[in-house]
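Participant:
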Amino acid sequence: MQKKIVQQLPKVELHCHLDGSVPMETLKKLAEKQQFNMALLDQVIAPAKCTDLVDYLKGFDIIHKLMQTYEQLEESAYATAKAAALENVRYMELRFAPLLHIEADLTVPEVIAAVSEGIRRAMKQYDIIVNLLICGMRQHSNEDNLMMLSEVMKTKEDLMVGFDMAGPEPDFANDHIEPLTTYAQEKGLQITLHAGECGCAHNVVQAIRLGAKRIGHGIAIQKDEAAQEFCLEKGTVIEMCPTSNIQTNAVKDWKDYPLLDFLEKGITCCINTDNRTVSNTTLTREYMLLTEHFGISYATMKSLNLSGLSGAFTTVEVKAKLSSVIEKAYAPYV
């Protein structure tokens, strides 16, 4: 596959964190507007190989200092959606945790309003549809996460379509979060959960039983046939993030990455960046890496994007429209 063609083909991304994906030029611009140690920005991009997930997450503490005001959040959301649109991501779900953005006295509804305003500005200017996913954080108490979710739902923001739990998985397993997933589903949010990023296949099974239609990362099921069968039975979509998974040591090396194995077994997968800036990647780069290491074709790329679209938390009408766009665009190459 050729990079220029991969970049111009329509793509779908379901697993992208707003805070980890704000373009570096935007972070620098935000930093210049306040008294901020610019040298800290050198720590935002994670090493190509981290010790583990906790090591990978260190740079987020720096990023969050630049995402605490309405203006900062609006600009961050706009710039992230714009960057995706410029590589022809036609549908994107952007996830973020409101409780990480209230240090400067913004309320949760104000955080939602700022991010939504930035997204709507991007959608007016570029050919992209963006929906938003709310993240609870595992290190926060259920009480705090439930209070946050309650505030989110009061906004009646129609860009909010789903709920996720993120954060350090080894320390906070999915058996603690049932009150959150139950409440989110009662309020009409669809569920995708981070699970199986740190060697815990049982977390994936547990997440699906809690109502997750999609699993963020899910890598741990590669060594658990029962978990794979459960995903197949439930039609679960695995949101794979290759570069990130290798950085965090969820997978040691490309030769161990289970994409082709999952596809051969019929497990539904899609490709994502996870954190565009922290992982120093784009969706185009992810597909080029898959070509380099696994020799995937345009036909496989098309299939992965259609799989992502099938699991998207959007309307039947949007899925039908974008499916037609993808079919037409890929036709000359497959």
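Each residue of the sequence shown is one higher than the one before, counting from 47 in my numbering. Where a beta carbon is used, it is the ideal one built from N, C-alpha and C, also for glycine.
1. Taking C-alpha atoms, which residue in Thr201, Tyr333, Thr314 lies nearest to Ile158?
2. Between which residues of its own chain and Phe209 is the CB-CB distance below 6 Å, once the five residues before and five after are set aside?
3. Going by beta-carbon coordinates alone, are Gln185 and Gly213 separated by less than 8 Å?
4. Do His63 and Gln114 come within 8 Å of each other at the CB atom, strictly closer than that value?
5. DSSP three-state call for Arg136: helix, strand or coil?
6. Got a sec, what are the start and stop residues for the beta strand (DSSP E) Leu178 sits in?
7. How would you call Asp320, buried or exposed, if buried means at least 16 neighbouring beta carbons within 10 angstroms?
8. Am I right that Ala247 and Ile267 are in contact with their C-beta atoms under 8 Å? What's the rounded C-beta distance?
9. Using only CA atoms, which one of Glu189, Leu239, Glu243, Ala258 lies nearest to Pro225?
10. Is the distance from the Cβ of Ser325 to the Cβ of Ala92 below 8 Å?
11. Is Leu235 helix, strand or coil when you go by DSSP?
12. Count the other CB atoms within 10 Å of the CB of Met70; is the residue buried (16 or more) or exposed (fewer)?
13. Would the beta-carbon of Ile174 fall within 8 Å of that of Arg136?
14. Can you tell me whether DSSP reads His147 as helix, strand or coil?
15. Since Val207 and Leu178 should fall inside the 8 Å C-beta cutoff, what is the C-beta to C-beta distance between them, to a whole number of angstroms?
16. So is His263 buried or exposed if we call it buried at 16+ other beta carbons inside 10 Å?
17. Taking only three categories from DSSP, how would you classify Val251?
18. Please return the same chain residues whose Cβ sits closer than 6 Å to the Cβ of Lys365, not counting the five positions on each side in sequence.
19. Near Gln89, what residues of its chain come up, given a Cβ to Cβ distance below 8 Å and the 5 sequence neighbours on each side ignored?
20. Which whole runs of the beta strand (DSSP E) in the stretch 271 to 299 are 3 residues long or more, in chain order?
Facilitator: The structure says:
1. Residue numbering aside, residue 158 sits at position 112 when the sequence shown is read from its first letter. When only C-alpha atoms are compared, the closest one is Thr201.
2. Residue mapping note: residue 209 aligns to position 163 of the sequence shown, counting from 1. The answer, listed in chain order, is Ile180, Ala230, Leu235, Ile237.
3. Against the sequence shown, residue 185 aligns to sequence position 139. Against the sequence shown, residue 213 aligns to sequence position 167. Yes, these two residues count as a Cβ contact at 8 Å.
4. Here residue 114 corresponds to residue number 68 of the sequence shown, with the count starting at 1. Here residue 63 corresponds to residue number 17 of the sequence shown, with the count starting at 1. It is not a contact, given that the beta carbons lie outside the stated cut-off.
5. The residue labelled residue 136 in the question sits at position 90 within the sequence shown. Strand.
6. Stepping through the sequence shown from its first residue, residue 178 is reached at position 132. Unbroken beta strand (DSSP E) run through Leu178: 175 to 183.
7. Counting from 1 along the sequence shown, the entry for residue 320 is found at position 274. Classification for Asp320: buried.
8. Residue 247 sits at position 201 when you count from the first residue of the sequence shown. Residue 267 sits at position 221 when you count from the first residue of the sequence shown. Indeed they touch by this definition, with Cβ atoms about 5 Å apart.
9. Locating residue 225 in the sequence shown gives position 179, counting from the first residue. Looking at the Cα atoms, Glu189 is the closest of the given residues.
10. By one-based count along the sequence shown, residue 325 stands at place 279. By one-based count along the sequence shown, residue 92 stands at place 46. Cβ atoms of Ser325 and Ala92: closer than 8 Å.
11. As a first step, residue 235 is located in the sequence shown; it is residue number 189 there, counting from the start. Residue state, collapsed to three classes: coil.
12. Reading the sequence shown from its first residue, position 24 is the one you call residue 70. Exposed, since its Cβ has fewer than 16 Cβ neighbours within 10 Å.
13. Here residue 174 refers to the residue found at position 128 of the sequence shown. Here residue 136 refers to the residue found at position 90 of the sequence shown. Yes, the Cβ-Cβ distance between Ile174 and Arg136 is below 8 Å.
14. Looking up residue 147 in the sequence shown gives position 101. Of the three classes helix, strand and coil, the one that applies to His147 here is helix, per DSSP.
15. The sequence position of residue 207 within the sequence shown is 161, counting from 1. The sequence position of residue 178 within the sequence shown is 132, counting from 1. Right, the Cβ-Cβ distance comes to about 7 Å (below 8 Å), so this counts as a contact.
16. Translated into the one-based positions of the sequence shown, residue 263 becomes position 217. Buried: at least 16 other Cβ atoms inside 10 Å.
17. To locate residue 251, count along the sequence shown from 1; it is residue 205. Residue state, collapsed to three classes: helix.
18. Locating residue 365 in the sequence shown gives position 319, counting from the first residue. Excluding sequence neighbours, Lys365 sits near Leu355.
19. Taking the first residue of the sequence shown as position 1, residue 89 is located at position 43. If we look at Gln89 and ignore the five residues flanking it on each side, its Cβ neighbours are Lys104, Gly105, Ile108.
20. 283 to 286
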